[in-house]
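Numbering (the working numbering), first residue to last: 84 to 273.
Built from N, CA and C at the ideal position, the CB exists for glycine as well.
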């Protein structure tokens, strides 16, 4: 039985992806080994689903139709740089997200509730919206990241969210290949 490695995500416009790629180039002077996310792959993950079957895709799609029927389009702001678990012991380098009107948090909570009702386990960690720029491969901390991040300017970048996507990810040696399985449009107004 074929399965898909899936997640629910917000895609970004090409202009914002380019700005994030510019920030990556600014971080390239840091001597750590980093697997940078490819520009075309930037997205905001709302829910990771893992390996699912074709029939589950249809069930998830029905759930996401319900979710998007009760949410309006909204905007969030890309703002600031950081790292998990900390900037001095970085494993993931990210651009931050401010949920200025609460639309992102409400949408994500509704996705959790609806897909939870379909048997998908709820996230155990609090939602910390971010855009992954790269994953650090070094086993020991590499100094210098805080100084490089301070030298970079990431202006607040508003991002409008007209839709969400059910995405599939195929892993390969060159990195993940993403494809959109389904697209769900948020409401213009109620």
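So, helix, strand or coil for residue i, using DSSP?
i           : result
residue 257 : coil
residue 251 : strand
residue 270 : strand
residue 105 : helix
residue 235 : coil
residue 193 : helix
residue 115 : coil
residue 55  : The requested residue 55 does not occur in the structure, where the chain is confined to residues 84 to 273.
residue 229 : helix
residue 246 : strand
residue 211 : coil
residue 132 : strand
residue 217 : strand
residue 264 : strand
residue 92  : strand
Spatial neighbours of residue i within its chain, please: C-beta separation below 8 Å, excluding the five flanking residues on both sides.
i           : result
residue 177 : 164, 165, 166, 167, 213, 214, 215, 216
residue 233 : none
Our contact map puts residue i next to residue j with C-beta atoms below 8 Å; I'd like the distance itself, whole angstroms only.
i           : j           : result
residue 170 : residue 228 : 6 Å
residue 287 : residue 244 : The question about residue 287 has no answer, for the chain in this structure spans 84 to 273.
residue 159 : residue 132 : Incorrect: roughly 22 Å between the Cβ atoms, too far for contact.
Buried or exposed for residue i, going by 16 or more other Cβ atoms inside 10 Å?
i           : result
residue 107 : buried
residue 151 : buried
residue 191 : buried
residue 173 : buried
residue 94  : buried
residue 194 : buried
residue 100 : buried
residue 236 : exposed
residue 220 : exposed
residue 79  : Nothing about residue 79 can be reported from this structure: the residues present for the chain run from 84 to 273 only.
residue 251 : buried
residue 204 : exposed
So, at 7 Å on beta carbons, what are the nonlocal neighbours of residue i in its own chain, with the 5 sequence-adjacent residues on each side left out?
i           : result
residue 198 : 130, 143, 146
Identify, in the order they occur along the chain, each residue of the same chain with its Cβ nearer than 6 Å to the Cβ of residue i, setting aside the five sequence neighbours on each side.
i          : result
residue 87 : 135, 251
For this session: Give, in chain order, every unbroken run of the alpha helix (DSSP H) that is at least 4 residues long and sits entirely within the segment 139-189.
Result: none
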